[in-house]
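Residue numbers 12 to 609, in our numbering, belong to the letters of the sequence shown in order.
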Amino acid sequence: MAQQVADFVVQRLREWGIHSIYGYPGDGINGLLGALNRAQGDPEFLQARHEEMAAFMATGHAKFTGNIGCCTGTSGGGAVHLLNGLYDAKLDRKPVLALVGQQKRVSLGSNYQQEIDLTTLFRDVSEFVQVCMEPAQARMLVDRAIKTALTRRGVATLILPGDVQEEEAVTSPPRMHGSTYTSVGWSRPRMLPDTAELQRAAEILNGSSKVAMLVGQGAQEARQEVLDVADKLGAGITKGLVGRAVVPDDLPYVTGPIGLLGSAPSDEMVMNCDTLFVVGSSFPYAEWLPEEGSARGVQIDNDGTMVGTRYPMDAHVVGDAKETLQELLPLLEHKQDRSWRETIESNVREWEGVLDRRAHQEVNKVNPELAARELSPLLPDRCILTCDTGSITNWWARHLTLREGMDASLAGTLASMGPGTPYAIAARFAYPDRPVIAFVGDGAFQMNGMLELITVQRYPNRMRGAPLIFCVFNNRDLNQVTWEQRAMAGDPKFEASQDIPDVRYAEFARMLGLEGIHCDRQDRVADAWQQALAADRPVVLEFEVDPEVPPIPPHIKPDQAKKAAKAVASGDPQAAGITKTGFRQKMAEFYEKLPGNS
């Protein structure tokens, strides 16, 4: 049997180092599925429960491995389903290749079943989108798609009509006008900064006494350089959530996350600095950055379109974070005055006390802060942490202390519900020997996470070994939006939109043959985590948590406080609990200031 185009595509993917393809079948990709079957597991087709989850898994693969992720879906609805997961890759700038089926060429334009204008559909999400209209194109399109995804750090979409997939392959185009000849291979370029702009950055930083460093995922490969610069400048370091793993949290001058879900020492440092030094971050929220004119700015980013677009910068340094910081270090003077660093470290210690007191406050059933905090000292070395979107993100961001060698991610820029579980599954496929722990709210778990437990069950031998834990916070409330309704709109909780069904998640896990652990008592939280970490199979750890524990931001704006008070006074169904719990949480901040507790 002659090699088909689909066989050639699969072979080319393997040559590019793509060994896993996440997807869901459909007749629009029958040719591709046949080729994958003939490939005997390389690349391996990994079946998700939904194309959106397959795209999230491909994005998670790219985030945790640094390599290109790959997903596939059929024509029509299957193609549409891919979009949300692909937008996650686009907005967090991760390379992902999507292989999408299409109706046969002869039917295109006839309003045929499942015929969609896929080029238009994928144009916004993709850096590269093309239809393979004839076999001789396949080589060039696969190569260009992957090179584009890697170079532009985004999504590339290759659309394969069903009849093209099954035609005889042309491994080398005819030598004629219009043909192009491509090769497998790509290398990351060195991006060195402009010398004059780098010198300007050094002058600003040397002339500053209160430097606040904000680092993001763009500094992922520059961990040691970030730490060396911070040491020379006596600076503190705060991190965007997607960049949580850039530097460890257990260093005394790392203040944790920034923003609404951030920490008080991060807020104190950024609002009182004289220079904001941003490295590899596109953190967007101006209200959590210094007031314009109150601080100077230095930014390093390898994307010139993003330099100086979040805060007015005085030095706009375009270059790779690692290369640029290496060039910058010899130009920096070691600051002898360490009073700014000492203040930062004192604030970090005080904040840790605040978090600990908040977490141990008695609430209804389990305090969600304690459920996260008790895990922190138990985190296994080299673990991978994923998180979904919701109020659970607050506790994941604030209470888990990442150590050297750990990794963590979430849907940072898209902030979509749904990626926590598929990210964890992709991490386990990529790193079978590393512990993986996902934090998922009950809303996101009901939306799609529960079904992906069936994917876990489908691959039992691949999922056992190192701990694989799906921690579900069950509060029967779409909690983050509930609090946003109160603080941003001044409206009480709207039960018709916010209440969700009470589901026994641990029981569901046991029904699938997984481990299920249920905890509704604070004095059992640590034991529940230890039991989950010691399990011999994947675990759903369900905590029944109190929805009335407010995700209090580092500073409460007067307008938000007024709106929240209005919401409570307007007949909020949880008014009494909110008032009691919120007051106690806020009082935890003043403990250190009481006589005898300093």
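C-beta: ideal position from N, C-alpha, C; glycine also.
Could you tell me whether the Cβ atoms of residue i and residue j are closer together than 8 angstroms?
i, j, result
"phenylalanine 294", "isoleucine 311", "no"
"glutamate 62", "leucine 93", "yes"
"aspartate 502", "glutamine 496", "yes"
"isoleucine 157", "tryptophan 362", "no"
"aspartate 557", "valine 374", "yes"
"isoleucine 43", "alanine 66", "At residue 43 the sequence reads leucine, which differs from the isoleucine that was named. No. Outside cutoff."
"glutamate 506", "proline 584", "yes"
"arginine 307", "threonine 335", "no"
"threonine 432", "valine 447", "no"
"alanine 382", "phenylalanine 554", "yes"
"leucine 532", "valine 329", "Checking the displayed sequence, the identity of residue 532 turns out to be arginine instead of leucine. No, these two residues do not count as a Cβ contact at 8 angstroms."
"proline 478", "leucine 544", "yes"
"leucine 464", "leucine 523", "yes"
"phenylalanine 288", "alanine 213", "no"
Check the DSSP bridge columns for residue i and list the partner residues they point to.
i, result
"isoleucine 32", "Phe56"
"cysteine 81", "Leu108"
"asparagine 485", "Glu555"
"phenylalanine 139", "Ala167"
"glycine 267", "Thr249"
"leucine 287", "Ala223, Gly308"
"isoleucine 436", "DSSP, once it has assigned bridges, lists no residue as partnering isoleucine 436."
"leucine 479", "Val447"
"glutamate 179", "Gln15"
Work out the CA separation of residue j and residue i for me, nearest whole Å.
i, j, result
"histidine 327", "glycine 251", "19 angstroms"
"aspartate 547", "arginine 439", "15 angstroms"
"arginine 321", "asparagine 78", "28 angstroms"
"glycine 476", "aspartate 444", "7 angstroms"
"glutamine 22", "serine 350", "60 angstroms"
"lysine 101", "glutamine 231", "18 angstroms"
"proline 204", "serine 198", "19 angstroms"
"phenylalanine 19", "leucine 47", "10 angstroms"
"methionine 317", "leucine 411", "30 angstroms"
"alanine 112", "alanine 437", "Residue identity differs from the one stated: residue 112 is glycine in this sequence, not alanine. Their Cα atoms are separated by approximately 23 angstroms."
"cysteine 482", "aspartate 174", "45 angstroms"
"phenylalanine 601", "threonine 354", "The pLDDT assigned to phenylalanine 601 is 47, lower than 50, so where the model puts this residue is not dependable, and the model offers no usable value."
"alanine 539", "valine 551", "11 angstroms"
"proline 430", "glycine 401", "12 angstroms"
"proline 106", "alanine 435", "18 angstroms"
"serine 609", "proline 276", "Note on serine 609: pLDDT 45, under 50, position unreliable in the model; no value is reported."
"alanine 160", "asparagine 313", "16 angstroms"
"aspartate 348", "arginine 360", "20 angstroms"
"leucine 605", "valine 365", "Caution is warranted here: a pLDDT of 44 is assigned to leucine 605, below 50, making its placement in the model unreliable, and the coordinate value is therefore given only provisionally. Between leucine 605 and valine 365, the C-alpha separation is close to 13 angstroms."
"leucine 225", "glutamate 298", "15 angstroms"
"aspartate 260", "alanine 408", "11 angstroms"
In the DSSP assignment, the alpha helix (DSSP H) including residue i goes from what residue to what residue?
i, result
"phenylalanine 294", "Looking at the DSSP string, phenylalanine 294 is not in any alpha helix (DSSP H), and its letter there is neither H nor E."
"glycine 173", "173-176"
"methionine 282", "275-283"
"serine 194", "Serine 194 -> no alpha helix (DSSP H), and no H or E assigned at all."
"glycine 89", "88-102"
"aspartate 367", "350-370"
"aspartate 538", "536-544"
"lysine 668", "Limits of the chain in this structure are 12 at one end and 609 at the other, which puts residue 668 out of reach."
"phenylalanine 519", "516-522"
"alanine 624", "Shown here, the chain extends from 12 to 609; a query on residue 624 therefore has no answer."
Go to residue i, then tell me how far its beta strand (DSSP E) extends in each direction, as first and last residue.
i, result
"glutamate 526", "526-530"
"threonine 397", "395-398"
"glycine 452", "447-452"
"aspartate 418", "418-420"
"valine 329", "326-329"
Three-pair Cβ contact test at 8 angstroms for the stretch 207-222 versus the stretch 343-353: Yes, the stretch 207-222 is in contact with the stretch 343-353.
On the three-pair Cβ rule with 8 angstroms, is the stretch 54-68 touching the stretch 462-473? yes
Check whether the stretch 242-260 touches the stretch 184-199, counting contact only when three or more Cβ pairs, one atom from each stretch, lie closer than 8 angstroms. no
Three CB pairs or more closer than 8 angstroms across the stretch 67-77 and the stretch 124-135: no
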